[in-house]
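**Student:** Numbering (UniProt numbering), first residue to last: 1 to 227. All C-beta atoms, glycine included, are put in the ideal place defined by N, C-alpha and C. Note that this is a predicted model, so its numbers are computed, not measured. Starting off with a structure, shown below.
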């Protein structure tokens, strides 16, 4: 008797014998977990690369490299450029469109606008898929709980047809129902951790980009005053 109960409580047997709604819930949670892990690893490499590229570009910028040469280098390798380099390129390109004698305020306003537009594009790229991780992290436990509730309801419905219920009859149905909750937590916990980490990283990058934009604006404003 104990052997049969143990066999019936194996994971694959419980998943295979679960009702169709519970199996659909498990499948949905499995897909959500796999997709979230894919985004977790992609975002991890993307943010690391963005930090590395920002460090390298800032070091180059503050070494006193000629801005025209730096701009041509950034424009020539646009596909390989980092976010900060693209922001610099957009701002400097807009700055060079204006001619000597123009109002400095108007020049700087259009330059800041170009940098702000580039900044927003880069932040949208860095923050892409974070909303998916947040959704998986917040919704998955409730989806798993729905599967658990449904499974327990089915278990009690089946028990109502028995004249005498034992642990051997109750355990498999309860166990298969609880698997859905476990899968919901398995999908949610990594997604929440990754979202919080990457949201913090992108916020720090955003602060760095904004500071760089202000510093570049000051440099370009002094340059415009000499035109």
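How would you call residue 83, buried or exposed, if buried means at least 16 neighbouring beta carbons within 10 angstroms?
**Tutor:** Taking the first residue of the chain shown as 1, we reach residue 83 at position 83. By the neighbour-count rule (16 or more Cβ atoms within 10 Å), residue 83 is buried.
**Student:** How about residue 141 and residue 40: do their beta carbons lie closer than 9 angstroms?
**Tutor:** Here the question's residue 141 lines up with position 141 in the chain shown. Here the question's residue 40 lines up with position 40 in the chain shown. No. Outside cutoff.
**Student:** For the alpha helix (DSSP H) containing residue 62, name the first residue and the last one.
**Tutor:** The sequence position of residue 62 within the chain shown is 62, counting from 1. Note, residue 62: premise wrong, no alpha helix (DSSP H); not H, not E.
**Student:** Between the alpha carbons of residue 120 and residue 147, how many angstroms are there, rounded?
**Tutor:** In the chain shown, the residue the question calls residue 120 occupies position 120. In the chain shown, the residue the question calls residue 147 occupies position 147. When rounded, the distance between both Cα atoms is 40 angstroms.
**Student:** For residue 62, which residues in the same chain have their Cβ closer than 8 angstroms to its Cβ, ignoring the five residues on either side in sequence?
**Tutor:** Here residue 62 is taken as the residue at index 62 of the chain shown, counted from 1. Excluding positions up to five away in sequence, the list is empty.
**Student:** Report the three-state DSSP secondary structure of residue 3 (helix, strand or coil).
**Tutor:** Translated into positions along the chain shown, residue 3 becomes position 3. Low per-residue confidence applies at residue 3: pLDDT is 43, beneath 50, and the placement is therefore not dependable enough to give any value.
**Student:** Residue 220 and residue 95 look like a contact to me (Cβ under 8 angstroms); what is the Cβ gap, rounded to whole Å?
**Tutor:** If you number the chain shown from 1, residue 220 lands on position 220. If you number the chain shown from 1, residue 95 lands on position 95. Right, the Cβ-Cβ distance comes to about 5 angstroms (below 8 angstroms), so this counts as a contact.
**Student:** Is it buried or exposed for residue 106, if we count other Cβ within 10 angstroms and need 16 for buried?
**Tutor:** Here residue 106 refers to the residue found at position 106 when the chain shown is read from its first residue. Looking at its Cβ environment, which holds fewer than 16 other Cβ atoms inside 10 Å, residue 106 is exposed.
**Student:** Compute the Euclidean distance between the alpha carbons of residue 209 and residue 87, then round it to the nearest angstrom.
**Tutor:** Numbered from 1 along the chain shown, position 209 holds the residue referred to as residue 209. Numbered from 1 along the chain shown, position 87 holds the residue referred to as residue 87. Going by the C-alpha atoms only, they are around 8 angstroms apart.
**Student:** Could you check whether residue 216 and residue 57 sit closer than 9 angstroms to each other, using their CB atoms as the reference points?
**Tutor:** Residue 57 sits at position 57 when you count from the first residue of the chain shown. Residue 216 sits at position 216 when you count from the first residue of the chain shown. Cβ atoms of residue 57 and residue 216: not closer than 9 angstroms.
**Student:** Could you check the C-alpha separation between residue 22 and residue 112 for me, to the nearest Å?
**Tutor:** Mapped onto the chain shown, residue 22 falls at position 22. Mapped onto the chain shown, residue 112 falls at position 112. Whole-angstrom Cα-Cα distance: 54 angstroms.
**Student:** Pick out whichever of 218, 213 and 225 has its Cα sitting closest to the Cα of residue 54.
**Tutor:** Reading the chain shown from its first residue, position 54 is the one you call residue 54. Cα-wise, what sits closest to residue 54 is 213.
**Student:** To the nearest angstrom, how far is it from the Cα of residue 32 to the Cα of residue 181?
**Tutor:** Within the chain shown, the letter at position 32 stands for residue 32. Within the chain shown, the letter at position 181 stands for residue 181. So the two alpha carbons sit approximately 14 angstroms from each other.
**Student:** Using the rule of at least 16 other Cβ atoms within 10 Å of the residue's Cβ for burial, across every protein chain shown, is residue 108 buried or exposed?
**Tutor:** Indexing the chain shown from 1 puts residue 108 at position 108. Buried, since its Cβ has 16 or more Cβ neighbours within 10 Å.
**Student:** Determine the direct distance from the alpha carbon of residue 205 to that of residue 223, and round the result to whole angstroms.
**Tutor:** Within the chain shown, numbered from 1, the residue matching residue 223 stands at position 223. Within the chain shown, numbered from 1, the residue matching residue 205 stands at position 205. Approximately 27 angstroms between the Cα atoms of the pair.
**Student:** Identify which residue in 207, 178 and 128 has its Cα closest to the Cα of residue 151.
**Tutor:** Position 151 of the chain shown, counted from the start, is the residue given in the question as residue 151. For the residues 207, 178 and 128, the minimum Cα distance to residue 151 belongs to 178.
**Student:** According to DSSP, is residue 102 part of a helix, a strand, or is it coil?
**Tutor:** One-based indexing of the chain shown puts residue 102 at position 102. Here residue 102 sits in coil by DSSP.
**Student:** Closest to residue 185 by CA distance: which of 137, 149 and 124 is it?
**Tutor:** Within the chain shown, residue 185 is the residue found at index 185, counting from 1. Ranking 137, 149 and 124 by Cα distance to residue 185 puts 137 first.
**Student:** Report, in whole angstroms, the separation of the C-beta atoms of residue 126 and residue 47, which I expect to be a contact under 8 angstroms.
**Tutor:** Here the question's residue 126 lines up with position 126 in the chain shown. Here the question's residue 47 lines up with position 47 in the chain shown. About 7 angstroms separates the two Cβ atoms, so the contact holds.
**Student:** Which residues bound the alpha helix (DSSP H) around residue 129?
**Tutor:** Walking along the chain shown from the start, residue 129 turns up at place 129. Element bounds for residue 129: n/a, residue is neither H nor E.
**Student:** Between the alpha carbons of residue 75 and residue 66, how many angstroms are there, rounded?
**Tutor:** In the chain shown, counting from the first residue as 1, residue 75 sits at position 75. In the chain shown, counting from the first residue as 1, residue 66 sits at position 66. The straight-line gap from Cα to Cα measures roughly 14 angstroms.
**Student:** Check residue 43 in the structure and name its three-state DSSP category.
**Tutor:** Numbered from its first residue, the chain shown carries residue 43 at position 43. Three-state result, residue 43: helix.
**Student:** Would you report the Cα separation of residue 38 and residue 49, rounded to the nearest angstrom?
**Tutor:** The residue labelled residue 38 in the question sits at position 38 within the chain shown. The residue labelled residue 49 in the question sits at position 49 within the chain shown. Cα-Cα distance, rounded: 17 angstroms.
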